[in-house]
Amino acid sequence: MISVNNLCIRFGGFELFSDIGFMINKRDRIGLVGKNGAGKSTLLKVICGDVSPTEGSVSMPADIKIGYLPQQMVLKNADRTVFEETREAFKELISLQHELEEINHKISGTTDYTSDSYANLIDRLTYLNEHLSISGVVNIDPEIEKVLKGLGFSRTDINRKVSEFSGGWRMRIELAKILLRNPDAILLDEPTNHLDIEAIQWLEEFLETYRGAVLTISHDRAFLDNVTNRTIEINMGKTYDYKVSYSKFKVLQQERIVQQQSAYENQQKLINDTEKFIERFRYKATKANQVQSRIKQLDKLERLEIDDLDNASMNIKFPPAPRAGDIVVETIELSKSYGQNLILNKIDLVIERGEKVAFVGRNGEGKTTLSRIIVNEIEHNGTLKIGHNVKIGYFAQNQDELLNPELTVFETLDLVAVGDIRTKIRDILGSFLFSGEDIDKKVKVLSGGEHSRLSLAKLLLEPYNLLVLDEPTNHLDIRSKDILKQALLKYDGTLIIVSHDRYFLDGLVNKVYEFRDKKIKQHIGGIYDFLRSRKVESMKEIEIKDKAQAAITKEKISDNKAQYLERKETDKKRRAIQNKVEKSEKEIERLEKEIATLNNLLSKPEDLDAAKTEVVFNMFSKLNKELEAQMKIWEETSAELEEFENSLK
């Protein structure tokens, strides 16, 4: 389907990769892996046509549709609502639908059924009906709501302006548009960075049934194992293609290196023995023929090489934490609202010196908000107490937006460093893999992983005794995640970390705060202790269990007569609305069947005389209008039912 042919990318005198090639077939599920800066994102840009290769080409059919989700993007129409922006995914189909309405209008006013223009209208009408029928255009709005809900948007969110959402939520909008377009191939660059666990699971389930090809870059091991069945590694400018998922690839990768090492050592022994023989008998006439034969053998021998695994990695060691008071952070009835939207409601929290705690829960539940309140970035109601001598280091989730794009890597640190530490800036940058000319790169040309490493480097410029890290592993490769985790394990200060990465949190934190329904709940122990205590394997199951338990509790306390009558009235209202929805669905089904029947008649105009054709067209137009009206009724009643159910929660 897509052929990558001998690609080479050079930037000035630097060669990113060369002579790489592979095929992307329909239904392929490929994970593209390698360390930060290996060229993964650049390769995706080449495939989708955003970057031209120095050499080589990408071949694909002319009519192929590709959906590409970059790591970072800017939506131009931020004044639209989420629903309006997402509906742009169906721009072409909506245009065809308008054209269909115009043709129906023209046909209804036509009296000359033998003219060429009439025949052309009939042909175009038949094509549009078939095309729209295949595309499922009548189900646009429900499909949009389904995908947006799966990606974490609530019903109230979809009518809010795009400008009200953070970059991570805007990325979800773009992902929704890509999924709704149903392209032949989807290219995803770190799609899980801005998704919570529930949304990640939904995306995994969606991709499982998706009919096209998927090529994804990800440093989320669970996501790669759940989605991919093929792994392409970019390492030291070369690619290696494995027909297995990530975990199996890591095993095969090590086996490859061991086999290469063994073959290399055997060949080196053969070469060494042959050279000794040549040197020993070079000047003996009786051995002249054998010596010449051995020399020719060496000349023809294809010398083996061992793949040099790129083992460059960060070297992080946080400065010793100054001693702080016993209580580092305390909140008393702390609340936060954005306008009418209450995010946190009377939160009581105590974090003591030396604790390592995790904030977990679905996106939008207030984890980042509380983190920003603790570092004094936003106002709040209630009491926040920061302990004696507490010095806070903060890693924000949107670090790439906070760094000055016009500064160089070196200038970014030099601008905030004070005192003797300025003499160690180059050493600090080197420990975060910025060496040589890298330190003179401008921030605006850095990759997502390089942005994260530079932001982490800023935390080493002075000793902090409280680190507040909001999604610090976003954009970091798997090896860098492990190194950061080891550094945080050795850190002797207090740690608050917001993360959805269970691998990263496991063994790192000793207390978990779960954010749910504007409140927080404390769980003693690590992330898997928390999950086991709830007897679930995912945040999604946690939410389901909570709802089920709430329903049981509600049933138990509804024994008195007043509650019984109230419940009876509620059920009556629910049934009334449900009946409206079901009645509308049956009417839609009837109309669609009748329209399909008329469409079959219209596709064979030679079987109809002029009078019958006019009757059929008039009926066809009438039924389409009735269907459109009935769809509107269904949407309104469905929304009414959902709002009614939400009001009972």
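Using the working numbering, the final residue of the sequence shown is 672, and nothing's skipped along the way.
Beta carbons are placed, not taken as given, at the ideal position from N, Cα and C, and that holds for glycine.
Fair warning: this is a prediction, and the values are worked out from it, not measured in the lab.
Range covered by the alpha helix (DSSP H) that runs through residue i
i, result
"M395", "The sequence as given places Arg at residue 395; Met does not occur at that position. Here the alpha helix (DSSP H) through R395 covers K390 to I397."
"V81", "Run containing V81: none in the alpha helix (DSSP H); it sits in the beta strand (DSSP E), E78 to S82."
"E684", "Because the chain spans 24 through 672 in this model, residue 684 falls outside it and cannot be assessed."
"E122", "K114 to S131"
"T215", "It is not in any alpha helix (DSSP H) - T215 carries neither H nor E in the DSSP assignment."
"L511", "I501 to K513"
"L479", "G471 to K481"
"V250", "R244 to V250"
"D322", "A311 to K323"
Cβ-based burial, residue i [other Cβ within 10 Å; buried from 16]
i, result
"D19", "The shown model of the chain, from 24 to 672, leaves out residue 19, and the question about it has no answer."
"Y306", "exposed"
"I580", "Interpretation of I580 is limited by its pLDDT of 44, a score under 50 that renders its predicted location unreliable; no figure is taken from the coordinates."
"L507", "buried"
"T406", "exposed"
"R598", "exposed"
"N412", "exposed"
"P214", "buried"
"E278", "exposed"
"F34", "exposed"
"K584", "Here K584 scores only 49 on pLDDT, less than 50, and its place in the model is too uncertain to base an answer on."
"M194", "buried"
"E168", "buried"
Residue of the options minimising C-alpha distance to residue i
i, options, result
"K58", "T636, R555, S607 and E473", "E473"
"D86", "R303, I25 and L484", "I25"
"T593", "E668, V638 and A619", "E668"
"R525", "L407, N152 and H242", "H242"
"S270", "V281, Q284 and I255", "I255"
"L614", "N602, A652, R376 and E356", "A652"
"F229", "R244, L621, H217 and T251", "T251"
"V81", "I70, D207 and A61", "I70"
"I181", "K319, M654, L490 and V105", "V105"
"I117", "L151, P206 and D463", "L151"
"V380", "H546, I370 and A199", "H546"
"K340", "T109, Y487, T134 and N602", "Y487"
Limits of the unbroken beta strand (DSSP E) element including residue i
i, result
"H546", "K542 to I547"
"A236", "A236 to I240"
"T354", "I350 to Y361"
"K63", "No beta strand (DSSP E) holds K63; the alpha helix (DSSP H) holding it covers K63 to C71."
For residue i, three-class secondary structure by DSSP
i, result
"S177", "coil"
"K584", "Low confidence applies to K584: its pLDDT is 49, below 50, so where it sits in the model is not reliable, and the reading given next is rough at best. Helix, per DSSP."
"E605", "helix"
"N258", "strand"
"N669", "helix"
"S458", "coil"
"A599", "helix"
"I53", "strand"
"A208", "strand"
"M562", "With a pLDDT of only 49 at M562, under 50, the local geometry of the prediction cannot be trusted, and the value read off the model is given with reservation. Looking at M562 - three-state DSSP - the assignment turns out to be helix."
"G36", "coil"
"E375", "strand"
"S140", "helix"
"F188", "coil"
"S26", "strand"
"K579", "Annotation note: pLDDT 47 at K579 (below 50); position unreliable, coordinate value reported separately. Three-state result, K579: helix."
"E537", "strand"
"D524", "coil"
"G516", "coil"
"T110", "Residue 110 is actually Arg in this sequence, not Thr. Helix, per DSSP."
"F643", "helix"
"D42", "strand"
"N404", "strand"
"I47", "strand"
"I339", "coil"
"A344", "coil"
"V441", "coil"
Expected contact under 8 Å - CB spacing of residue i and residue j to nearest Å
i, j, result
"L430", "K465", "7 Å"
"N404", "K542", "15 Å between Cβ atoms; not a contact."
"V237", "I201", "The pair is not a contact, with the Cβ atoms about 11 Å apart (cut-off 8 Å)."
"T239", "I43", "Between I43 and T239 the Cβ distance is about 18 Å, and since that is not below 8 Å, they are no contact."
"V373", "E353", "5 Å"
"F418", "S478", "6 Å"
"L484", "L436", "7 Å"
"S470", "G60", "6 Å"
"G416", "I350", "Incorrect: roughly 18 Å between the Cβ atoms, too far for contact."
"G530", "G549", "6 Å"
Short CB-CB distance (under 7 Å) between residue i and chain C
i, result
"I444", "Of the chains in the structure shown, none is chain C; there is only one protein chain."
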